[in-house]
Amino acid sequence: MNLNQYYTMTYTLNSGIKGSVHLSNKQIQDWIECYRVGSKYVTTVGKEHFGLNPELVADFKVHNEFSEQREYVAAIQQPAVVSKAKDQLADAYSQHKVLIQVECKCGASYVEESAYKRNKWGCKECGEIVFLDSKKGMVDTEEGKAWYMTNRYFVER
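At position 73 of the sequence shown the residue is numbered 73 (this note's numbering), and the sequence of numbers has no breaks.
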């Protein structure tokens with residue numbers, strides 16, 4: 001992978017507004033870490049400064065050679081190279097996985113795995129939205145430390 005190559009990252013804010021920005025591989029790694037820990041992300045894109053608050057981002061996607069939109073790249077490459085690249089990408093994402101403890105008003109209580117820290121999540125039992133309780137922070141579970149998400153009481157966002 002060319003380290004100086006730029007990729008398009010599209011994101012959707014909690015308000016529904018969509019945006020996109022061209023970032024280098026290093027900038028993407030920095031963004032994912034900021035999103036995972038919930039710290040504000042600031043970088044330089046060309047001659048402009050770009051900032052993004054992960055707490056306001058509902059989701060994002062990086063369009064690179066591993067994206068579905070770029071399947072034509074896989075057809076050009078050797079299958080072994082594609083397989084190795086996918087393994088590397090899977091390893092990179094697994095390093096950033098976090099646990100989420102869900103406590104829903106429907107009575108569901110379970111631990112779920114996510115690729116990154118989120119501000120809201122859908123209950124797998126009833127589909128209701130549960131919210132991150134950042135004041136409570138991480139809680140101990142049988143599977144390890146997890147971010148606490150609930151809709152059993154009002155959570156300040």
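Glycine included, C-beta positions come from ideal geometry on N, C-alpha and C. On a predicted model such as this, the values are computed, not experimentally measured, just so you know.
message = Just verifying my parser: in three-state terms, what is the DSSP assignment at Asp59?
response = Collapsing the DSSP output to three states places Asp59 in a strand.
inquiry  = List, from N- to C-terminal side, the beta strand (DSSP E) runs of 3 residues or more that fit wholly inside the segment 28-54.
reply    = Segments of the beta strand (DSSP E) lying fully in the segment 28-54: 41-45, 48-52.
key: Spatial distance of Gly137 from Ser20 (CA atoms)   = Roughly 30 Å between the two C-alpha positions.
key: Three-state secondary structure assigned by DSSP to Lys18   = In this structure, Lys18 counts as strand in the three-state DSSP scheme.
query = For the putative contact between Glu57 and Tyr35, defined by C-beta atoms under 8 Å, what is the C-beta separation to the nearest angstrom?
reply = The question names Glu, but residue 57 in the sequence shown is Val. In this structure Val57 is in contact with Tyr35, their Cβ atoms being roughly 7 Å apart against a cut-off of 8 Å.
message = Please state whether the Cβ-Cβ distance between Ser109 and Val98 is less than 8 Å.
response = In this structure, Ser109 sits away from Val98, with a CB-CB distance that is not shorter than 8 Å.
ask   = Helix, strand or coil for Glu125 per DSSP?
value = Coil, per DSSP.
request  = Out of Glu143, Val139, Gly144, point me to the one whose CA is closest to Thr150's CA.
outcome  = When only C-alpha atoms are compared, the closest one is Val139.
Cα-Cα separation between Tyr72 and Thr44, rounded to whole angstroms = Confidence is the limiting factor: at Tyr72 the pLDDT is only 44, short of 50, which leaves the residue's position unreliable and the question unanswerable from this model.
ask   = Near Val130, what residues of its chain come up, given a Cβ to Cβ distance below 8 Å and the 5 sequence neighbours on each side ignored?
value = Taking Val130 as the centre and dropping the five residues before and after it, the same chain places the C-beta of Val102, Glu103, Cys104, Lys120, Trp121, Gly122, Cys123, Met149, Thr150, Asn151 closer than 8 Å to its C-beta, in chain order.
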